[in-house]
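Here is the structure we will look at, set down as structure tokens.
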Amino acid sequence: MVLPGGVDVHTRLQMPVLGMTPADDFCQGTKAALAGGTTMILDHVFPDAGGSLLAAYEQWRERADGAACCDYSLHVDVPRWHESIKEELEALVRDKGVNSFLVFMAYKDRCQCTDGQMYEIFSIIRDLGAVAQVHAENGDIVEEEQKRLLELGITGPEGHVLSHPEEVEAEAVYRAITIAKQANCPLYVTKVMGRGAADTIAQAKRRGAVVFGEPITASLGADGSHYWSKNWAKAAAFVTSPPISPDPGTADHLACLLSSGDLQVTGSAHCTFTTAQKAVGKDNFTLIPEGTNGVEERMSVVWEKCVASGKMDENEFVAVTSTNAAKIFNIYPRKGRVAVGSDADLVIWNPKATKIISAKSHNVNVEYNIFEGVECRGAPVLVVSQGRVVLEDGALFVTPGAGRFVPRKTFPDFVYKRIKARNRLAEIHGVPRGLYDGPVHEVMVPAKPGGGTPARASCTGKIAIPAVRNLHQSGFSLSGSQADDHIARRTAQKIMAPPGGHSNITSLS
Amino acid sequence: MASGRRGWDSSHEDDLPVYLARPGTTDQVPRQKYGGMFCNVEGAFESKTLDFDALSVGQRGAKTPRSSQGSGRSAGSRPGVEGDTPRRGQGREESREPAPAPPAPAGVEIRSATGKEVLQNLGPKDKSDRLLIKGGRIVNDDQSFYADIYMEDGLIKQIGDNLIVPGGVKTIEANGKMVIPGGIDVHTHFQMPYKGMTTVDDFFQGTKAALAGGTTMIIDHVVPEPESSLTEAYEKWREWADGKSCCDYALHVDVTHWNDSIKQEVQNLIKDKGVNSFMVYMAYKDLYQVSNTELYEIFTCLGELGAIAQVHAENGDIIAQEQSRMLEMGITGPEGHVLSRPEELEAEAVFRAITIASQTNCPLYITKVMSKSAADLISQARKKGNVVFGEPITASLGIDGTHYWSKNWAKAAAFVTSPPLSPDPTTPDYINSLLASGDLQLSGSAHCTFSTAQKAIGKDNFTAIPEGTNGVEERMSVIWDKAVATGKMDENQFVAVTSTNAAKIFNLYPRKGRISVGSDSDLVIWDPDAVKIVSAKNHQSAAEYNIFEGMELRGAPLVVICQGKIMLEDGNLHVTQGAGRFIPCSPFSDYVYKRIKARRKMADLHAVPRGMYDGPVFDLTTTPKGGTPAGSTRGSPTRPNPPVRNLHQSGFSLSGTQVDEGVRSASKRIVAPPGGRSNITSLS
Chain A
1 MVLPGGVDVH TRLQMPVLGM TPADDFCQGT KAALAGGTTM ILDHVFPDAG
51 GSLLAAYEQW RERADGAACC DYSLHVDVPR WHESIKEELE ALVRDKGVNS
101 FLVFMAYKDR CQCTDGQMYE IFSIIRDLGA VAQVHAENGD IVEEEQKRLL
151 ELGITGPEGH VLSHPEEVEA EAVYRAITIA KQANCPLYVT KVMGRGAADT
201 IAQAKRRGAV VFGEPITASL GADGSHYWSK NWAKAAAFVT SPPISPDPGT
251 ADHLACLLSS GDLQVTGSAH CTFTTAQKAV GKDNFTLIPE GTNGVEERMS
301 VVWEKCVASG KMDENEFVAV TSTNAAKIFN IYPRKGRVAV GSDADLVIWN
351 PKATKIISAK SHNVNVEYNI FEGVECRGAP VLVVSQGRVV LEDGALFVTP
401 GAGRFVPRKT FPDFVYKRIK ARNRLAEIHG VPRGLYDGPV HEVMVPAKPG
451 GGTPARASCT GKIAIPAVRN LHQSGFSLSG SQADDHIARR TAQKIMAPPG
501 GHSNITSLS
Chain B
510 MASGRRGWDS SHEDDLPVYL ARPGTTDQVP RQKYGGMFCN VEGAFESKTL
560 DFDALSVGQR GAKTPRSSQG SGRSAGSRPG VEGDTPRRGQ GREESREPAP
610 APPAPAGVEI RSATGKEVLQ NLGPKDKSDR LLIKGGRIVN DDQSFYADIY
660 MEDGLIKQIG DNLIVPGGVK TIEANGKMVI PGGIDVHTHF QMPYKGMTTV
710 DDFFQGTKAA LAGGTTMIID HVVPEPESSL TEAYEKWREW ADGKSCCDYA
760 LHVDVTHWND SIKQEVQNLI KDKGVNSFMV YMAYKDLYQV SNTELYEIFT
810 CLGELGAIAQ VHAENGDIIA QEQSRMLEMG ITGPEGHVLS RPEELEAEAV
860 FRAITIASQT NCPLYITKVM SKSAADLISQ ARKKGNVVFG EPITASLGID
910 GTHYWSKNWA KAAAFVTSPP LSPDPTTPDY INSLLASGDL QLSGSAHCTF
960 STAQKAIGKD NFTAIPEGTN GVEERMSVIW DKAVATGKMD ENQFVAVTST
1010 NAAKIFNLYP RKGRISVGSD SDLVIWDPDA VKIVSAKNHQ SAAEYNIFEG
1060 MELRGAPLVV ICQGKIMLED GNLHVTQGAG RFIPCSPFSD YVYKRIKARR
1110 KMADLHAVPR GMYDGPVFDL TTTPKGGTPA GSTRGSPTRP NPPVRNLHQS
1160 GFSLSGTQVD EGVRSASKRI VAPPGGRSNI TSLS
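Listed in order, the protein sequences are those of chains A and B. Position 379 of the first sequence, counted from 1, bears residue number 379 in our numbering, the numbering being contiguous throughout. Convert by adding 509 to the 1-based position in the second sequence; the result is the number in our numbering.
In structure tokens form, the structure reads like this:
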């Protein structure tokens, strides 16, 4: 069986946390990826709070170009909204080959976006033709829950999963979908970990939203009950957010949705820390650096959970491990397909091989493997990357620095065809009415040129309690034609004011 | 007991009990009174006051002949009653004979005691306090039955047939009409100040309209200005309402901002002021809107104090964005209001509120359910076990939002409320169905009326149009017409959604929301066949527009009795300004909090007892890494300027035991079992 090489849509091989870097850098991480049959990764650039997105991007490029063993591309995270964000995003899209940006709904006070900011970022992203990704968790609630649990004296890794309940993830997914729908922006939910989140995505798709969901290796294959393990180091190894669901049925449910097409792509969210690094949070679960392994196990776990169990066939397997990802991020058919003209990234897959995952034999630098002891059917026999054999008979032949950056173009057809059609449809018409010529309440008269507090108009005979209810933060002009009436509006606008169309308040129709 | 035993013994056939005897048996088997398969449990009805003969529906009204026993008994007792009220027999005759048309077309007759009875009266002032409703069909949320009701001092004193009542009682012949508990409107904004204006219906006008529609109690919202005291606002509302209200009222208090002193005020309001429900806004950005964190804190606080958290559910952030977009596009009319507040934003906020309430174990109450998706989410959440209630309003039950596109600005503006009415014409029907199925529990009106001149403040900018629609008067009739007349719900459910559920949720039950001995005498004689056309010309509200204009509604109140006094008869209102009392609501209402309390007991979290982690710990200082294991230096050591991601804003100590390890809260449960050291190299 010859497959297109896997595309791992979510890795964090250089994610800085508290000044620590993950145990697997680009070299080690891509090596593990190739060992598992993945020939391309999409890594997340995480700019530090004050820094510019472009600088962070360059930093990531520099590091990856020197170390990556397979082709890679980059998502850019938007840790905070600021005025010049639009220019930065535009520059990245235009010149740097980035077409996906991630915003955080969690991590309060660090990179969490408000709903209003999300709406603005989504609008910019839509205009640029990129894909909006979200880390979906309600950061406000998570923070409150964390405080509560620490007060209760729960400091171990079980506090992590208790403070990130599944409902909170589902809530954020629902909100993100709503905002994206309003902004008419394609949405991509990273790390779908809970049943509620997955169901919310599936329902939104039924209602017609353009939304994609990415379950990760951990949510498909690992067991969240280990958070209660007596072995602190083991429990801590599972800490990622949103957390792996403690409900043993969740993995199976996600596999079903992945098979049915409700979820489309698989990532790994590979972001590993050694036990010593995790131990920073040994007395406070909120300090444990988050992240699990999975880049190497991804293909085998999906095969085991979905194909070997009869949920999907081999073609769908290819779709969720590479083709869909390539389509969404506009690298199709260069990647994600075995065709003339495509890159020579291929995997010869042996569906019968069985392998027991263990930290002893894996290719990453951590002591714990969250899939420890899981037996997987299906494994790559031979991996070809950029036309060179990199894995044969279990032996890896990798060259650090051989990986190329794959730039991605905007407006991926797979995503934007529908968005464009909706853009055309979403014309809004004003109602052509005559000017209202009836009486207007006195409060009008002391007009507020400053747009400040409304004046106290005491209506006769009524108790004049001036409840200042400034319903809307924007200033508004009070009467007659608008100041910008003469300016050409969008082409979609169709407001007409027919002469003689005056309405009369006394008629009742 | 004896007769039951005889039943068993008398069946000689193979010791079979009598109810298993073969059908062909020729033995004369005496009818089993007790112990049989279809018999009542012996003694089940002993010392029960209800007279089930009298209760069975349809006996009198449907004019089916009574059982001989029943009629004999009532005939026997009739003379005694006739001595007191001579017209009683006459009334009975009327109800039995199909031919004679009642004098009043409505079929209800009110008679004051005259002649002889006057002499027996204690005084004229007592007369007005005593009232007898005869021959009515009492409809509660659980059952309907025929009985007479005797009221005195504003309370229901007796229910049953052939009541012994003092002479000289004002009598209402209901002639088999339905008698229902007076409606409770859970959501009004009477006399609400807004931008220096006040809604045109003050407490007098508003409660008058309420009574005209069969509603005998309202719960109004106190809206304090942001940054001002809740208690002061509460006192202000009390003052206004006490002076003007014609019917009983209670108050919700809106929490428009949040801090510790507000928390204290909330506590006092619950403890001393008879408020048990507080509303928070998820919309109105930069004015009333509270953040998710504040929501969490408010819900936690309310959950502990036993109050009910109400939310106005709309995503204010996105609305603000959409509004400015609409204005930029040049859409300034009322259609911009509904375009900038799409249904999804309401649903999103409902979802969020439910999630937060579920996290904090606080009962949630969604005000103004206007759209299908919001209603669906509430119903789904209830199926998942959340304690959540939904309140559709008259407007969302009765009408759709297509009028926002009316060419008549004033008409379109009259519909402006938020969340807006859904432009989907099938929405009212859908919400009625959910109300009938119990997924939504109660109904309000959100009556908040502004005159057209007041609405015209926003004539060039829809965001300035003051929000609110009428509905307090139409509420009962709209629900009857849309839900009962169409067969979605029966009369008992009608009572449940118009009064009983509200009384239960806000802990007024059974004083309100039920016709039973001891309840307040707030009653409505309901005529299901009356047809009325709603129009601004004859409504009680002071607003020029009625959003239900021209709607033909079946079902209307014939007589409204509030505090034991007749407020409405023959279409004439007799109201007294200031007669309404404030009804305090106490916290921890059983209907809501039984479940919450049980969950609180369950939700005990335990930490995992682990040994101390004794492995290596990564040294966070960038300076020499003493004792850190290999692997931490992996990555690129030469990497310049590592981007520091301070993942957690709180301070942290760097290694070893924590400074505050010994002083954590008392509930800490981590034990360190001797010998229970974990070892990082073992893999289980």
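Glycine is no exception: its CB is placed at the ideal position from the N, C-alpha and C atoms.
If you draw a straight line from the Cα of residue 56 of chain A to the Cα of residue 49 of chain A, it comes to about 11 Å.
The contact set of residue 697 of chain B on chain A, defined by CB atoms closer than 8 Å, is empty, because the minimum CB distance reaches about 17 Å. The beta carbon of residue 1127 of chain B sits closer than 7 Å to some beta carbon of chain A. Counting other Cβ atoms within 10 Å of its Cβ, residue 397 of chain A stays below 16 and is therefore classed as exposed.
Taking 7 Å as the threshold, the shortest C-beta distance from residue 34 of chain A to chain B does not fall below it.
DSSP places residue 961 of chain B in the uninterrupted alpha helix (DSSP H) bounded by 961-964. Selection B:669, B:689, B:672, B:659 evaluated against residue 679 of chain B yields B:659 as nearest (Cα-Cα).
Linking residue 1025 of chain B to residue 855 of chain B through their CA atoms gives a straight-line distance of about 39 Å. Taking the Cβ atoms as the reference, residue 221 of chain A lies roughly 7 Å from residue 297 of chain A, within the contact range of under 8 Å. Contact holds between the region 1065-1076 of chain B and the region 718-726 of chain B, because three or more Cβ pairs, one in each stretch, are under 8 Å apart. Around the beta-carbon of residue 988 of chain B, 16 or more other beta-carbon atoms lie within 10 Å, marking it buried. Around the beta carbon of residue 2 of chain A, a 10 Å sphere encloses fewer than 16 other beta carbons of the protein chains shown; the residue is thus reported as exposed. CA-to-CA, the gap between residue 1127 of chain B and residue 277 of chain A works out to about 5 Å.
Listed in chain order, the positions of the region 843-855 of chain B with a beta carbon within less than 9 Å of a beta carbon of chain A are 843, 844, 845, 848, 851, 853, 854.
With a cutoff of 7 Å on beta-carbon distance, residue 922 of chain B and residue 843 of chain B are scored as near each other. Proximity of residue 192 of chain A to chain B, defined by a Cβ-Cβ separation below 7 Å, is not satisfied.
Per the coordinates, the alpha-carbon of residue 348 of chain A lies some 8 Å from the alpha-carbon of residue 384 of chain A. Between residue 164 of chain A and chain B, the shortest Cβ-Cβ separation is not below 7 Å.
The shortest CA-to-CA distance from residue 1079 of chain B to any of B:681, B:821, B:1043 is the one to B:681.
Near chain A, meaning a CB-to-CB distance below 7 Å, the residues of the region 782-805 of chain B are 793, 794, 795, 796, 800, 801, 802, 805.
Within chain A, no C-beta atom comes nearer than 7 Å to that of residue 1111 of chain B; the closest sits roughly 14 Å away. Burial check for residue 1086 of chain B: the Cβ neighbour count within 10 Å stays below 16, so the residue is exposed. Straight through space, the alpha carbons of residue 183 of chain A and residue 982 of chain B are spaced by roughly 40 Å. Residue 714 of chain B counts as buried, since at least 16 other C-beta atoms from the protein chains shown sit within 10 angstroms of its C-beta.
Remark: fewer than three beta-carbon pairs, one from each stretch, lie closer than 8 Å, so the region 924-932 of chain B and the region 991-1009 of chain B are not flagged as touching. What residue 353 of chain A touches in chain B, judged by beta-carbon distance under 8 Å, is nothing: the nearest beta carbon there is about 23 Å away. In terms of beta-carbon proximity, residue 247 of chain A stays away from the interface with chain B, with every pair separated by 7 Å or more. Under the Cβ criterion (8 Å, minimum of three pairs), the region 957-972 of chain B counts as touching the region 1036-1053 of chain B. Judged by beta-carbon spacing, residue 877 of chain B lies within the 7 Å limit of residue 955 of chain B, meaning their Cβ atoms are closer than that value.
At least 7 Å separates the beta-carbon of residue 950 of chain B from that of residue 1016 of chain B.
At a C-beta separation below 8 Å, residue 864 of chain B has these neighbours in chain A: 138, 141, 167, 168, 170, 171. Contact note: residue 1002 of chain B does not reach chain A at a C-beta cutoff of 7 Å; the least C-beta distance is about 29 Å. Beyond the five residues adjoining it in sequence on each side, residue 307 of chain A comes within less than 6 Å, by CB distance, of 317 in the same chain, given in chain order. In this structure residue 425 of chain A is exposed. Its beta-carbon is surrounded by fewer than 16 other beta-carbon atoms within 10 angstroms. Taking the beta carbon of residue 671 of chain B as reference, no residue of chain A falls within 8 Å; the closest one sits roughly 51 Å away. Pairing residue 13 of chain A with residue 206 of chain A, the inter-Cα distance amounts to about 35 Å.
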